[in-house]
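> Sending over a structure as structure tokens; questions will come in a sec.
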Amino acid sequence: MAPIPGSGLAKGLAVTLRTMTRKSVTAQYPDTQPELPPRSRGVIGLFEENCTVCMLCARECPDWCIYIDSHKETVPPAAPGGRERSRNVLDRFAIDFSLCMYCGICIEVCPFDALFWSPEFEYAETDIRDLTHERDKLREWMWTVPAPPALDPGAEEPKEVAAARKTAEKLAAAQADEPGQEGRA
Ligand code: SF4
Ligand code: SF4
1 MAPIPGSGLA KGLAVTLRTM TRKSVTAQYP DTQPELPPRS RGVIGLFEEN
51 CTVCMLCARE CPDWCIYIDS HKETVPPAAP GGRERSRNVL DRFAIDFSLC
101 MYCGICIEVC PFDALFWSPE FEYAETDIRD LTHERDKLRE WMWTVPAPPA
151 LDPGAEEPKE VAAARKTAEK LAAAQADEPG QEGRA
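Using full-length UniProt numbering, you'd call the opening residue of the sequence shown number 1 and step up by one each time.
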């Protein structure tokens with residue numbers, strides 16, 4: 001059946017009218033900041049204190065954009081007569097965000113919880129070389145990482161928290177037993 005003359009124009013005008021009267025969804029960034037979910041993949045933060053330089057993240061990164069340098073150090077034995085131990089010391093940890101594809105594999109595979117997503121995304125640069133964030137900058141991003149979600153009610157206390165609490169209690173008890181501490185509270 002042949003279309004009624006002018007029906008295409010009427011349809012087009014109807015779409016125009018509908019769209020004109022609808023509320024605009026375009027946000028005027030950067031005047032209007034987007035409301036992102038707290039776990040958005042913006043940038044990666046490094047919690048350096050947890051990193052054991054196991055290299056797993058660098059090996060698994062599909063883009064090869066994690067650069068790690070380290071050296072070995074010998075540490076004295078834990079007990080007298082024991083064997084000396086060696087440990088890795090981090091010299092360089094950098095992520096090239098001009099290559100990163102935000103897959104999150106490095107964060108997933110890190111066995112020591114040293115890498116975290118931060119929702120911060122405003123780090124565009126005019127020089128591509130500045131998109132390689134070195135360890136200090138990656139450490140700084142940790143301040144923008146949201147706190148972990150609360151545990152389920154009745155969940156077991158994480159072993160790290162239990163160990164830290166026990167150590168704090170022991171220290172407090174030792175301080176209280178020290179001579180000269182009585183009556184200071
Ligand atoms: S998010 Fe993916 S691409 Fe980016 S550094 Fe991690 S593993 Fe590599
Ligand atoms: S996987 Fe984790 S602990 Fe291992 S080198 Fe990477 S950040 Fe450090």
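Cβ atoms here follow ideal geometry from the backbone N, Cα and C, with glycine treated the same way.
Quick check on the DSSP output: the alpha helix (DSSP H) that includes V53 runs from which residue to which?
Premise fails: V53 is in no alpha helix (DSSP H) and is neither H nor E.
> In this structure, does DSSP put T26 in helix, strand or coil?
Coil, per DSSP.
> Have a look at D177 and T167 and give me their C-alpha separation to the nearest angstrom.
D177 and T167: Cα-Cα distance of roughly 15 Å.
> Measure the alpha-carbon distance for Q175 versus P62 and round it to whole angstroms.
Spanning the two alpha carbons is a distance of roughly 51 Å.
> Output needed for W141: all residues of its chain with C-beta closer than 6 Å, excluding positions within five of it in sequence on either side, in chain order.
Around W141: V43, G45, S118.
> Determine the extent of the beta strand (DSSP E) in which R39 is found, giving its start and end residues.
That residue, R39, is in no beta strand (DSSP E); it is neither H nor E in DSSP.
> Taking CB distances under 8 Å as the criterion, tell me whether A10 reaches chain C.
Of the protein chains in this structure there is only one, and it is not chain C.
> Pick out whichever of V53, P34, E157, E169 has its Cα sitting closest to the Cα of D91.
Measuring from the Cα of D91, the nearest candidate turns out to be V53.
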